[in-house]
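Residue numbers (this note's numbering), protein chains in the order written: chain A, 467 to 872; chain B, 467 to 872.
Protein chains: 2
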Amino acid sequence: MALIVQKYGGTSVADIDRIRSVAEKVIRVHDAGNDVVVVLSAMAGVTNRLIQMAHEITGDPNSRELDVLLATGEQTTVSLFCIMLESMGCPAISLLGFQASIMTNTAFGRARISEINADRIQDLLKQRKVAVVAGFQGRDQEGNITTLGRGGSDTSAVAIAAALKADMCEIYTDVAGVYTTDPNLCDKARKLHRISYDEMLEMASLGAKVLQIRAVEFAKKFGVPLQVRSSFTEEEGTMIVDEEKDMERLLVSGVAYSREEARITVTNVPDRPGIASRIFAPVAEAGIVVDMIIQNTRKSGLTDVTFTVPKADYQKAMSIQKEVAESIGAEEVLGDENIAKVSVIGVGMRSHSGVAAQMFTALAEENINIIMISTSEIKVSCIIEEKDTELAVRVLHSVFGLDAAA
Amino acid sequence: MALIVQKYGGTSVADIDRIRSVAEKVIRVHDAGNDVVVVLSAMAGVTNRLIQMAHEITGDPNSRELDVLLATGEQTTVSLFCIMLESMGCPAISLLGFQASIMTNTAFGRARISEINADRIQDLLKQRKVAVVAGFQGRDQEGNITTLGRGGSDTSAVAIAAALKADMCEIYTDVAGVYTTDPNLCDKARKLHRISYDEMLEMASLGAKVLQIRAVEFAKKFGVPLQVRSSFTEEEGTMIVDEEKDMERLLVSGVAYSREEARITVTNVPDRPGIASRIFAPVAEAGIVVDMIIQNTRKSGLTDVTFTVPKADYQKAMSIQKEVAESIGAEEVLGDENIAKVSVIGVGMRSHSGVAAQMFTALAEENINIIMISTSEIKVSCIIEEKDTELAVRVLHSVFGLDAAA
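Following this line, the structure appears as structure tokens:
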């Protein structure tokens, strides 16, 4: 008999009927003798609706109070879910973030879990109750309600699994697992049976939306066995595990893409020490995350600096750079929102050279123009024109041998 | 400068526009130098909607979990309200039941407040912040969320005012104060300027819906100066205070009515010791509250027992009594849902005899049949046929000199 943490996302608990079928699933696992902790998100659409309510009041709602508001979403799901379990004869207790002692720092809206005291959950499991924990939320040292940011329920589940030393953390979602690439874009995408934490981290940070990055980091740090699977089928999902020596060693495990970045170029920047900080410090101060940066020296003493930012921050970043450009004597600021990032990921790259070259050749053969390049030990990313995204993903998926058998 | 607790009901915060006008009201009082604690209910309709969601799952939702669900209603209002205050430049902090240390017993759905530690609120007031407390909710010793039952936010407000030794507890609602009777039924109803705690208690328990009974009990016990007033006008409301020697001493202060009871009669009950307990113990065990009881001996050794129960419990009480009647050898069980209770209330009655007689005469003159009678030191109640309610209220209002000048 095992201790299993199961996390169900918003679409899995979107209405009373779905809550009922998830409850049946949970009861089967519980009745088989396992200890079960369930972590739930808000019902699909609820979080957006709450944010919209706050925005009817002001474009910039107080962050402490916004967290109090958003926390009602998961509170609603866990109570309804326990009412369902109890009505089916299965003993259950809901725990909100503060009741489950999910301690975080005070960064409202993007809090990080610092500690979980699992005593209360352990007690409930000893009494053979199902513990149903509200995902996404915690409390800080002063008892304020905090939330963990988008997708935070994945992190809640993994952190609880780590604190309980659970045998398995299962993330139930609306897809059947982790795919070699987005099946909506490429019909030859294959579901992976296993993937390493590191590969999953790159996949997640490069645009695959199946898991929150911090959840994967947590799982890796504490060695939590993680499985991603569908809440609508009984199909086996994808195991996310430590890299093993005998792991299926593909050169490339997946192709990811993102259309959520925009590019900014500051031209003819006087190339002096400290100039990079003049450009990037104000961007960082505005809370904008810069992803890729490249610098091309065009002619003696002048350089072009190009970087990418999230599309949502593009306008703000442009206006900041226009001021910067003036103050440092640069020529002009150019921007482009119509870009995409395609990436190939694989732990196999570590021991094989040539993946990058193979990627560039494949893209060139399709006349896809590469605008920027960035690499790490286990991935290569290229910024291309947005219109080429789909073609690039399919070509790379095929070139690196990921296509499903026809 | 005063310490003022203001409570706003569901209709006062029913949408963003109303929340804005309540916020403006609060800011005016705060800017005048007062310390302000705001207690809020759920937005109108929300609590019913949540109960309905739970009832989609089961007719008998788990009571602990139902409280977790219902508590989201007030949580939503307090966070939106603080977002509003902060966006208007007024510093504010929301406190949920557990954060405000509103300690209760563990009677989910109808918990009673045992203690409030007001330190946190005091701290916020010292920082010149508006403390916005979720009404209706508390926590028990084990950290479970509890709710206080319908109208519980009134009790929250009065209890907080008592704990803070506030100068005033203002209950803002959708009526302008406490009236001599229901203005919807009798267009000569007058707003009272002052009423004693005891009279208000009788009014509330006899059907006037302006304040929760427990809130008045609390206010009386701790001597909290209470004012009921409209959130939609600036008009002065009704003060509810200790009975004073120089108080406007009307014989009768108000006429109340309720159409929420039903009558049950068990006929030809063998008149033996212990028979009353055979009849009423099973009703009490079913959690049904019996209001009036009368017993008429019809002929030697046999008696009729008549009592009233809330209409919502009528069917259950009838089926219980049918079993009881059989087991004790009574003749039959008769029921009537078409009854109403009209009551006249006034501390002045204590020193004047004849109020009851005057009431019976007035009703008789209108051919209104009196089915049952019950009296206390400061009220007389009659059960009449439901169809006579409006006429009875108007006649009594007039007979006891309460009509507004034409």
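Don't be surprised by glycine CBs; every beta carbon is placed ideally from N, CA and C.
Closest residue to residue i among the options (Cα-Cα distance)
i: Pro776/A; options: Val755/A, Ser487/A, Ile794/A, Gln787/A; result: Val755/A
i: Ile741/B; options: Leu717/B, Pro649/B, Ile836/B, Gly767/B; result: Gly767/B
i: Gly617/B; options: Asn514/B, Val810/B, Tyr645/B, Ser560/B; result: Asn514/B
i: Ser619/B; options: Val718/B, Val676/B, Thr524/B, Ser719/B; result: Val676/B
i: Thr763/B; options: Val790/B, Ser793/B, Glu843/B, Val732/B; result: Val732/B
i: Val644/A; options: Val813/A, Met705/A, Ala625/A, Asp802/A; result: Met705/A
i: Ala558/B; options: Phe564/B, Val544/B, Ala632/B, Gln565/B; result: Val544/B
i: Gly720/A; options: Val735/A, Lys845/A, Lys788/A; result: Lys845/A
i: Leu469/B; options: Asp501/B, Ala600/B, Val492/B; result: Asp501/B
i: Arg486/A; options: Asp526/A, Arg744/A, Met554/A; result: Met554/A
i: Ala670/B; options: Gly604/B, Thr570/B, Thr646/B, Ala623/B; result: Thr646/B
i: Arg484/A; options: Ala674/A, Leu862/A, Ala508/A; result: Ala508/A
i: Ala498/A; options: Cys556/A, Arg660/A, Tyr723/A, Asp802/A; result: Cys556/A
i: Gly575/B; options: Glu709/B, Val505/B, Asp533/B; result: Asp533/B
i: Val735/B; options: Lys595/B, Asn833/B, Val790/B, Thr613/B; result: Val790/B
i: Val492/B; options: Ser724/B, Glu700/B, Ala822/B, Arg744/B; result: Glu700/B
i: Thr774/B; options: Ile786/B, Ala728/B, Ser567/B, Leu516/B; result: Ala728/B
i: Ala828/B; options: Arg860/B, Gln472/B, Ile568/B; result: Arg860/B
Proximity test, Cβ basis, 8 angstroms: residue i and chain A
i: Glu490/B; result: no
i: Ile582/B; result: no
i: Ser560/B; result: yes
i: Gln518/B; result: no
i: Leu535/B; result: yes
i: Glu522/B; result: yes
Beta strand (DSSP E) segment containing residue i, residue limits
i: Asp501/A; result: 501-506
i: Val721/B; result: 720-724
i: Gln472/A; result: 469-474
i: Asn734/B; result: 727-736
i: Val676/A; result: Segment: none, Val676/A is in no beta strand (DSSP E) and carries neither H nor E.
i: Ser802/A; result: Note that residue 802/A corresponds to Asp in the displayed sequence, not to Ser. Where Asp802/A is concerned, the enclosing beta strand (DSSP E) stretches over 799-802.
i: Tyr638/B; result: 634-639
i: Leu692/B; result: 692-696
i: Ala871/B; result: Segment: none, Ala871/B is in no beta strand (DSSP E) and carries neither H nor E.
i: Lys654/A; result: Per DSSP, Lys654/A belongs to no beta strand (DSSP E) and is neither H nor E.
i: Val808/B; result: 805-811
i: Thr647/A; result: Taken as a continuous stretch (DSSP letters only), Thr647/A belongs to no beta strand (DSSP E), as it is neither H nor E.
i: Met509/A; result: Looking at the DSSP string, Met509/A is not in any beta strand (DSSP E), and its letter there is neither H nor E.
Buried or exposed (CB count within 10 angstroms, at least 16 for buried), residue i
i: Glu490/B; result: exposed
i: Gln781/A; result: exposed
i: Asp589/A; result: exposed
i: Phe866/A; result: buried
i: Glu540/A; result: buried
i: Gln593/B; result: exposed
i: Asn835/A; result: exposed
i: Asn610/B; result: buried
i: His496/A; result: buried
i: Phe688/B; result: exposed
i: Ala625/A; result: buried
i: Ser793/B; result: exposed
Host alpha helix (DSSP H) of residue i (start-end)
i: Val859/A; result: 855-865
i: Ile587/B; result: 585-592
i: Ala681/B; result: 679-688
i: Ser448/A; result: Outside the displayed span of chain A (467 to 872) sits residue 448/A, for which this structure offers no information.
i: Arg515/A; result: 512-523
i: Ala670/A; result: 663-671
Chain B within 8 angstroms of residue i, Cβ atoms only
i: Asn514/A; result: no
i: Ser809/A; result: no
i: Gly609/A; result: yes
i: Met550/A; result: yes
i: Ser545/A; result: yes
i: Thr542/A; result: yes
i: Thr612/A; result: no
i: Ile493/A; result: no
i: Asn528/A; result: yes
i: Ser553/A; result: yes
i: Leu506/A; result: no
What runs of the beta strand (DSSP E), each 3 residues or longer, lie entirely inside the region 742-779 of chain B? Qualifying beta strand (DSSP E) stretches, in chain order: 759-765, 768-776.
Whole beta strand (DSSP E) elements within the region 541-623 of chain B, 3-residue minimum: 558-561, 568-570, 579-582, 596-600, 603-605, 611-613
Going residue by residue through the region 816-852 of chain B, where are the continuous alpha helix (DSSP H) segments of at least 4 residues, counting only ones entirely within it? 821-831
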